[in-house]
Amino acid sequence: MLTQYDTSSLSQRRLIYLLVAIFFSFIISFVFIYVTPMPI
7 MLTQYDTSSL SQRRLIYLLV AIFFSFIISF VFIYVTPMPI
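Those letters in the sequence shown? Residues 7 to 46, by the numbering used here.
Here is the structure:
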């Protein structure tokens, strides 16, 4: 029971880390798009 809870919490934490990484990648891409001048 303890190991099951441990694995479930670990998978949830991994999913949260994945979502945060995707969120940060989107923010960085938007920042680069807004900061760098548009090519003619």
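Glycine included, each C-beta is placed from N, C-alpha and C at the ideal position.
Under 7 Å: does the beta carbon of residue i sit that close to some heavy atom of the ligand ZN?
| i | result |
| --- | --- |
| VAL26 | Absence of the ligand ZN from the depicted structure is noted, as is the absence of any ligand whatsoever, leaving it without description. |
Have a look at residue i and residue j and give me their C-alpha separation to the nearest angstrom.
| i | j | result |
| --- | --- | --- |
| PHE38 | ALA27 | 16 Å |
| SER31 | SER14 | 26 Å |
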